[in-house]
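Take a look at the structure set out below.
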Amino acid sequence: MQNEIQECLHTSASARRKIIKSRLLKYQDAICEVDVSGDIS
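The numbering of the sequence shown is UniProt numbering, which starts it at 1 and goes up by one.
See below:
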């Protein structure tokens with residue numbers, strides 16, 4: 001039982017990290033797009 005709980009916590013933690021990482025990458029992409037369009041105008 002204890003092991004199952006630990007595994008569940010570990011899985012949700014790594015899943016959260018993946019979500020945060022993908023959000024950060026999207027955010028960085030948006031910043032790059034803004035920078036590029038700013039340079040053009």
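Glycine residues also receive a C-beta, built at the ideal position from the N, C-alpha and C atoms.
Note down the Cα distance separating residue i from residue j, rounded to an integer number of angstroms.
i          : j          : result
residue 25 : residue 2  : 35 Å
residue 30 : residue 10 : 30 Å
residue 22 : residue 16 : 10 Å
residue 19 : residue 6  : 20 Å
Answer yes or no: the CB of residue i versus the heavy atoms of the ligand ATP, is any distance below 7 Å?
i         : result
residue 6 : With respect to the ligand ATP, the structure offers nothing, as it holds no ligand at all.
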